[in-house]
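K.L.:
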Amino acid sequence: MKIAFIGLGNMGGGMAANLVKAGHDVRAFDLSEDALARAVANGCTACKTVPDAVAGAEAVVSMLPNGAIVQQVYSAEVIGGAPNTAVLLDCSTIDVATAKTVGAAAAAAGYDMVDAPVSGGIGAANAGTLTFMVGGTDQAFARAEPILAAMGKTVIHAGASGSGQAAKICNNMLLGATMVATCEALRLAERLGLDLGTFYDIASKSSGQSWSLTSYCPVPGVGPASPADNDYQGGFASALMLKDLRLAMAAAHDAGAKVPMGERAEALYGEFVDAGNAAVDFSGLIRTL
Ligand code: NAD
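Under the working numbering, the first residue of the sequence shown is numbered 819, with each subsequent residue one higher.
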């Protein structure tokens, strides 16, 4: 397929490379010359503008920083620029309200569009092992699925337009809250004189078990290798966790939902990021406890 790819940063770069590996003709656009040069090295064709990239495309994939940029790029250049036979896939993490607005504008112009945010970081983007959670009609999902499958190992239809973003921020709110609770429990266990390896063995087989503990343990030398074993470098940056928690709080506010643990996690990650830890892995919060 002829696929336009917009936003070839840390995540989009690897995703576009996997579309090339799957045999697609990928036409890339990014504001950054460096990102474009890396895309060309991975087999993409560089385009000078969005309209240039989307002209004649059968699919458009975007991986952009936030909702304001997604809305601007789609309303000004993708919708109307790409043929309306193209399927549109926004894989960025953005607010639910903007995802629905952009999806509705695309539908009104005759396009099939999905919001398809991802779980998994830069490593999973490069390896093609992302999880996609997808919002859109059955028809849009059916068209998007094989394209997403070339970039990930799991593709799940979450529901109507906006549902992919809703699933993503609910998942990441759960992750943020369980990581804070896991950090606290490990610190308390230490204060109470427990050996942390022993406590890990107990909690990972007991009701306190969670992904934050057993796949991403926030203390070094305990459980499988995690960013804690690399001085909290790499992994999932605290600034991105804070971004997702803020999106979750905005959605909770709009929906009238009570999320006291989410609010607390947002406040703690806000303080952690403000203290100069934006690039530190989110499990590094344990250092503040
Ligand atoms: P990034 O900053 O590395 O990449 C974003 C790219 O978009 C940059 O190359 C930038 O130049 C480009 N860009 C910005 N405005 C543009 C425009 N108007 N037109 C074309 N290109 C433009 O960010 P990233 O880490 O790749 O994240 C992308 C998205 O993926 C975000 O929504 C993020 O929340 C989400 N995400 C990231 C991770 C992660 O671990 N990095 C994990 C899951 C989801």
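Backbone N, C-alpha and C fix where the C-beta goes; we use that ideal spot for every residue, glycine too.
Pull up the CB-CB distance for C1001 and L882, whole angstroms please, since I reckon it's below 8 Å.
P.N.:
Within the sequence shown, numbered from 1, the residue matching residue 1001 stands at position 183. Within the sequence shown, numbered from 1, the residue matching residue 882 stands at position 64. Actually they are not in contact, since the Cβ atoms of C1001 and L882 sit about 31 Å apart, beyond 8 Å.
K.L.:
According to the neighbour-count rule (16 or more other Cβ atoms, all chains shown, within 10 Å of its Cβ), is R845 buried or exposed?
P.N.:
In the sequence shown, residue 845 corresponds to position 27, counting from 1. Classification of R845: buried, given that the 10 Å Cβ count is 16 or more.
K.L.:
Helix, strand or coil, according to DSSP, for F847 in the structure here?
P.N.:
Here the question's residue 847 lines up with position 29 in the sequence shown. F847: strand per DSSP, three-state reduction.
K.L.:
Mind the definition here: the region 1091-1103 touches the region 1049-1067 only if three or more C-beta pairs lie below 8 Å; say whether that holds.
P.N.:
The region 1091-1103 is in contact with the region 1049-1067.
K.L.:
Is it the case that the Cβ atoms of S880 and C862 are separated by a distance below 8 Å?
P.N.:
As a position in the sequence shown, residue 880 is number 62, starting the count at 1. As a position in the sequence shown, residue 862 is number 44, starting the count at 1. Not a contact, by the Cβ cut-off of 8 Å.
K.L.:
Report yes if the C-beta distance between G953 and G928 is below 8 Å; otherwise report no.
P.N.:
By one-based count along the sequence shown, residue 953 stands at place 135. By one-based count along the sequence shown, residue 928 stands at place 110. Their beta carbons are not under 8 Å apart, which means G953 does not touch G928 by this criterion.
K.L.:
Tell me, to the nearest whole angstrom, how far the beta carbon of M1059 is from that of G994; I am working on the premise that it is less than 8 Å.
P.N.:
Sequence index remark: in the sequence shown, residue 1059 carries index 241 (1-based). Sequence index remark: in the sequence shown, residue 994 carries index 176 (1-based). Right, their Cβ atoms sit about 6 Å apart.
K.L.:
So is the beta-carbon of D1072 under 7 Å away from any non-hydrogen atom of ligand 1?
P.N.:
The residue labelled residue 1072 in the question sits at position 254 within the sequence shown. Checking every heavy atom of ligand 1 against the Cβ of D1072, none is found closer than 7 Å.
K.L.:
Is C910 close to ligand 1? I mean its beta-carbon at under 7 Å from any heavy atom of the ligand.
P.N.:
As a position in the sequence shown, residue 910 is number 92, starting the count at 1. The sequence as given places Ser at residue 910; Cys does not occur at that position. Yes, since a heavy atom of ligand 1 falls inside the 7 Å radius drawn around the Cβ of S910.
K.L.:
Measuring only from the beta carbon, is I974 closer than 7 Å to any heavy atom that is part of ligand 1?
P.N.:
Against the sequence shown, residue 974 aligns to sequence position 156. Outside the cutoff, so no.
K.L.:
Is the separation between the beta-carbon of A934 and that of L907 shorter than 8 Å?
P.N.:
What you label residue 934 is simply residue 116 of the sequence shown in a count that begins at 1. What you label residue 907 is simply residue 89 of the sequence shown in a count that begins at 1. For A934 and L907, yes; Cβs fall inside 8 Å.
K.L.:
Following a CB-centred definition, is I940 positioned closer than 7 Å to any heavy atom of ligand 1?
P.N.:
Working through the sequence shown from its first residue, we reach residue 940 at position 122. Yes, since a heavy atom of ligand 1 falls inside the 7 Å radius drawn around the Cβ of I940.
K.L.:
Tell me whether L1086 counts as near ligand 1, meaning its Cβ is closer than 7 Å to at least one heavy atom of that ligand.
P.N.:
The sequence position of residue 1086 within the sequence shown is 268, counting from 1. No - ligand 1 has no heavy atom lying nearer than 7 Å to the Cβ of L1086.
K.L.:
How is S1022 classed by DSSP in three states: helix, strand or coil?
P.N.:
To locate residue 1022, count along the sequence shown from 1; it is residue 204. In this structure, S1022 counts as coil in the three-state DSSP scheme.
K.L.:
Would you mind working out which of C1035, F959, T903 and G970 sits nearest F950, comparing C-alpha positions?
P.N.:
The sequence position of residue 950 within the sequence shown is 132, counting from 1. The candidate whose alpha carbon is nearest that of F950 is G970.
K.L.:
Below 8 Å between beta carbons: does that hold for V868 and V896?
P.N.:
If you number the sequence shown from 1, residue 868 lands on position 50. If you number the sequence shown from 1, residue 896 lands on position 78. It is a contact, given that the beta carbons lie within the stated cut-off.
K.L.:
Tell me whether T1000 sits in a helix, a strand or coil according to DSSP, three-state version.
P.N.:
For the purposes of this step, residue 1000 is taken as residue 182 along the sequence shown, with counting starting at 1. In this structure, T1000 counts as helix in the three-state DSSP scheme.
K.L.:
Please state if the CB of V932 and the CB of G899 are separated by a distance shorter than 8 Å.
P.N.:
Your numbering for residue 899 matches position 81 in the sequence shown. Your numbering for residue 932 matches position 114 in the sequence shown. No, they are not a contact pair.
K.L.:
Give the list of continuous beta strand (DSSP E) stretches no shorter than 3 residues that lie fully inside the region 891-956.
P.N.:
Runs found: 905-908, 930-933 and 948-953.
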